[in-house]
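Peer 1:
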Amino acid sequence: MRELLSFGLSGVVSADTMRVVDKNADGCGVSAMQRMESAGVALASAVRKENPCRVTILCGPGNNGGDGLCAARYLSADIDVIVYCCGEPKTAEARAQYAALAGCPVTIFSEPSPEIFSADVIVDALLGTGARLPLREPYAGLVSLMNASSARVIACDMPTPGARADRVVTFHLAKTVGAEVYGIGIPLAAEIFCGEGDLLLIPEKSAVSHKGSGGTVLVVGGGPYQGAPFLAGVAALRAGADIVRVASPSDGFMPDIIHERLSGNHVSEKHREHLVSLAEKSDAVICGPGLGVAPDSLSICFDVVEAARNAVVDADLIRNPLPHAREGTIYTPHAGEFARITGEAVPSGLFERGHAVRAAAAAANATIILKGSIDTISDGTRVRFNKTGAPGMTTGGTGDVLAGCTGGLLARMNPFEAACAAVYATGLAGGIADDEAGDGLLATDLLRHLAHTLYREE
Numbered sequence: 001m002r003e004l005l006s007f008g009l010s011g012v013v014s015a016d017t018m019r020v021v022d023k024n025a026d027g028c029g030v031s032a033m034q035r036m037e038s039a040g041v042a043l044a045s046a047v048r049k050e051n052p053c054r055v056t057i058l059c060g061p062g063n064n065g066g067d068g069l070c071a072a073r074y075l076s077a078d079i080d081v082i083v084y085c086c087g088e089p090k091t092a093e094a095r096a097q098y099a100a101l102a103g104c105p106v107t108i109f110s111e112p113s114p115e116i117f118s119a120d121v122i123v124d125a126l127l128g129t130g131a132r133l134p135l136r137e138p139y140a141g142l143v144s145l146m147n148a149s150s151a152r153v154i155a156c157d158m159p160t161p162g163a164r165a166d167r168v169v170t171f172h173l174a175k176t177v178g179a180e181v182y183g184i185g186i187p188l189a190a191e192i193f194c195g196e197g198d199l200l201l202i203p204e205k206s207a208v209s210h211k212g213s214g215g216t217v218l219v220v221g222g223g224p225y226q227g228a229p230f231l232a233g234v235a236a237l238r239a240g241a242d243i244v245r246v247a248s249p250s251d252g253f254m255p256d257i258i259h260e261r262l263s264g265n266h267v268s269e270k271h272r273e274h275l276v277s278l279a280e281k282s283d284a285v286i287c288g289p290g291l292g293v294a295p296d297s298l299s300i301c302f303d304v305v306e307a308a309r310n311a312v313v314d315a316d317l318i319r320n321p322l323p324h325a326r327e328g329t330i331y332t333p334h335a336g337e338f339a340r341i342t343g344e345a346v347p348s349g350l351f352e353r354g355h356a357v358r359a360a361a362a363a364a365n366a367t368i369i370l371k372g373s374i375d376t377i378s379d380g381t382r383v384r385f386n387k388t389g390a391p392g393m394t395t396g397g398t399g400d401v402l403a404g405c406t407g408g409l410l411a412r413m414n415p416f417e418a419a420c421a422a423v424y425a426t427g428l429a430g431g432i433a434d435d436e437a438g439d440g441l442l443a444t445d446l447l448r449h450l451a452h453t454l455y456r457e458e
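Each residue of the sequence shown is one higher than the last, beginning at 1 in my numbering.
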């Protein structure tokens, strides 16, 4: 595992990235309560460096406030500690930390008081990465009082918007420039392996969503293999796309899919204008499932991808020269297709494979999903791996399901995040299907479980 450190995160990360890592840490066996306890210990250690006689900790209702409550418990052993609780704790972890303070010599306020700001150090544990603007009361008022205080201010994780901070103490990774970063035991795997956290970035449909707000997806393929584009189309629907069109020279029919029936037995020159027009109107295009290698099919689909806003390029279309969509492109090669576009065999080691896929993605200016027993995903800068899946997924059609899921997410996500969520959820669906069917697994079995693995409620 140590050789994979170079694929870990560094520098300043976004709140969304940290949400992913935190959730993935749960899957690695490091619970939110463990992380909060470690953060509280680190925060207390940072406060002690100020040699204060009195410390005030302003605690919000979320886990940022929970970090502050935990720090208060450790500091109270030899420092005069005041805690101001801005509302009742809302998370199980924060409630547990609040309960633990009952046995400590800590003064707790739930209403503003001048005494709150008569401290040597004020800890801002109000909102952290959960801050949203504009600030409501009482937060806005607390920020004004904190800014007017003569105390040193230490922000927990991130300063509350508008608040001054003499120091920022953050955990695992920096969320702002100049922060002091303390480790809290989150393993490397939470950063480099896809997990439940990656699903948090999928946009939720709201009560005011309308038909089409989940994205419009076009699938182009079929001819030699007529079922493939329909597998991809249903997978795109299961991934949350609102409208899916399958343009294919087949007589297939599925009630949930708009079938753009193409004349003849393969995608050909006479379809070019119509397909390009459809691509221009779609949020994402999935090109290649079941396409075959007829020269005119490949040429036309190249133009379709080039006309698309976003595209997933799959199967026979993965060949040089690689087509590019206008905004985001994802290639989904297996080992043989990867060798075809790079001229190099896939390395056996995970470290070497990560570097090979990153180099290929950088050269292609795209995101690549290299499928395998452990999938490798890169956008030319970031590298992630995915371990979900099952032996039964070697059956035909599972790659079409992955392409469809990826395209369905790409219609409303950026390519790298869509790719990571898709490989994780599709592999998880395959694992459930494999438990049920074993060697009798069908690609359609994945479709039954895909929506659950993407959108299940805990």
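Beta carbons: idealized from backbone N, C-alpha and C, even for Gly.
Would you call the stretch 90-107 in contact with the stretch 118-138, where contact means no fewer than 3 C-beta pairs closer than 8 Å?
Peer 2: They do not touch, by the three-pair rule.
Peer 1: Would you mind reading off the limits of the alpha helix (DSSP H) that contains G27?
Peer 2: Position 27 of the sequence shown, counted from the first residue, corresponds to residue 27. Counting along the chain, the alpha helix (DSSP H) containing G27 begins and ends at 15-27.
Peer 1: Taking DSSP's pairing of strands, which residues face D375 in a bridge?
Peer 2: By 1-based counting over the sequence shown, the position of residue 375 is 375. Partner(s): N386.
Peer 1: Could you round the C-beta distance between G233 and V220 to whole angstroms and report it? I think they count as a contact, below 8 Å.
Peer 2: The residue you call residue 233 lines up with position 233 of the sequence shown. The residue you call residue 220 lines up with position 220 of the sequence shown. About 10 Å separates the two Cβ atoms, so there is no contact after all.
Peer 1: Check whether the stretch 415-433 and the stretch 261-269 are in contact - that is, three or more C-beta pairs closer than 8 Å.
Peer 2: No contact exists between the stretch 415-433 and the stretch 261-269.
Peer 1: Applying the criterion that 16 or more other CB atoms from any shown protein chain within 10 Å of the CB defines a buried residue, is M36 buried or exposed?
Peer 2: For the purposes of this step, residue 36 is taken as residue 36 along the sequence shown, with counting starting at 1. Counting Cβ neighbours within 10 Å, M36 comes out buried, since at least 16 surround it.
Peer 1: So, under 8 Å CB-CB, V466 and G128 are touching, yes? Tell me the CB distance rounded to an integer number of Å.
Peer 2: Since the first and last residues shown for the chain are 1 and 458, residue 466 lies out of range.
Peer 1: Is G397 near the ligand NAD - that is, is its Cβ less than 8 Å away from at least one heavy atom of it?
Peer 2: The ligand NAD is not part of the structure shown, which contains no ligands of any sort.
Peer 1: Taking 6 Å as the limit between beta carbons, can you name the residues of its chain near V181, skipping five residues before and five after?
Peer 2: Walking along the sequence shown from the start, residue 181 turns up at place 181. Cβ within range, chain order: T170, A174.
Peer 1: Nearest CA to the CA of G223: which residue from A99, K205, A311, S268?
Peer 2: Mapped onto the sequence shown, residue 223 falls at position 223. Here the closest residue by C-alpha is S268.
Peer 1: Which stretch, first to last residue, makes up the alpha helix (DSSP H) that contains V267?
Peer 2: Along the sequence shown, one-based indexing puts residue 267 at 267. Counting along the chain, V267 falls outside any alpha helix (DSSP H), and DSSP gives it neither H nor E.
Peer 1: Using three-state DSSP, classify H449 as helix, strand or coil.
Peer 2: Locating residue 449 in the sequence shown gives position 449, where the first residue counts as 1. Helix at H449.
Peer 1: According to the neighbour-count rule (16 or more other Cβ atoms, all chains shown, within 10 Å of its Cβ), is A411 buried or exposed?
Peer 2: Indexing the sequence shown from 1 puts residue 411 at position 411. When all chains shown are included, A411 counts as buried.
Peer 1: Compare the beta carbon distance of I369 and I341 with 9 Å and say whether it is the shorter of the two.
Peer 2: Here the question's residue 369 lines up with position 369 in the sequence shown. Here the question's residue 341 lines up with position 341 in the sequence shown. It is not a contact, given that the beta carbons lie outside the stated cut-off.
Peer 1: Which same chain residues end up closer than 7 Å to C156 when comparing Cβ atoms and leaving out the 5 residues on each side of it in sequence?
Peer 2: Residue mapping note: residue 156 aligns to position 156 of the sequence shown, counting from 1. Here the set comprises L43, N64, D67, G68, V123, D124, A125, G128, V169.
Peer 1: Determine the direct distance from the alpha carbon of L135 to that of I79, and round the result to whole angstroms.
Peer 2: By one-based count along the sequence shown, residue 79 stands at place 79. By one-based count along the sequence shown, residue 135 stands at place 135. I79 and L135: Cα-Cα distance of roughly 31 Å.
Peer 1: How far does the alpha helix (DSSP H) with D400 in it extend, from its first residue to its last?
Peer 2: In the sequence shown, residue 400 corresponds to position 400, counting from 1. It spans 398-410 - the alpha helix (DSSP H) in which D400 sits, taken as one unbroken run.
Peer 1: Using a threshold of 9 Å, state whether the C-beta atoms of G396 and A284 are closer than that.
Peer 2: As a working note, residue 396 is residue 396 in the sequence shown. As a working note, residue 284 is residue 284 in the sequence shown. No, Cβ-Cβ distance for G396 and A284 is not below 9 Å.
Peer 1: Give the C-beta separation of E93 and M146 to the nearest angstrom, bearing in mind that I take them to be a contact with Cβ-Cβ under 8 Å.
Peer 2: As a first step, residue 93 must be located in the sequence shown, where it is residue number 93. As a first step, residue 146 must be located in the sequence shown, where it is residue number 146. E93 to M146, Cβ: 24 Å. No contact.
Peer 1: Taking DSSP as the reference, what is the three-state secondary structure of R456?
Peer 2: Translated into positions along the sequence shown, residue 456 becomes position 456. R456: coil per DSSP, three-state reduction.
Peer 1: Assuming the contact rule is C-beta atoms closer than 8 Å, C194 and R384 should be a hit. Round their C-beta distance to whole Å, please.
Peer 2: Looking up residue 194 in the sequence shown gives position 194. Looking up residue 384 in the sequence shown gives position 384. With 8 Å as the limit, C194 and R384 qualify as a contact, their Cβ atoms being about 6 Å apart.
Peer 1: For E306, which option in L298, I300, H324 has the closest C-alpha, if you only look at C-alpha atoms?
Peer 2: As a position in the sequence shown, residue 306 is number 306, starting the count at 1. With distances taken between Cα atoms, E306 lies closest to H324.
Peer 1: Can you tell me whether T394 is buried or exposed? The criterion is at least 16 other CB atoms within 10 Å of its CB, across all chains shown.
Peer 2: Within the sequence shown, numbered from 1, the residue matching residue 394 stands at position 394. By the 10 Å Cβ count, T394 comes out exposed.
Peer 1: Would you mind listing the alpha helix (DSSP H) stretches within the stretch 60-94 that are 4+ residues and don't spill past its ends, in chain order?
Peer 2: Segments of the alpha helix (DSSP H) lying fully in the stretch 60-94: 63-75.
Peer 1: Suppose you measure from the CA of D316 to the CA of L298; what does that come to, to the nearest Å?
Peer 2: For this step, residue 316 is matched to residue 316 along the sequence shown. For this step, residue 298 is matched to residue 298 along the sequence shown. Whole-angstrom Cα-Cα distance: 8 Å.
Peer 1: Using only alpha-carbon positions, find the residue among V12, T381, A140 that is nearest to A363.
Peer 2: By one-based count along the sequence shown, residue 363 stands at place 363. Per the Cα distances, T381.
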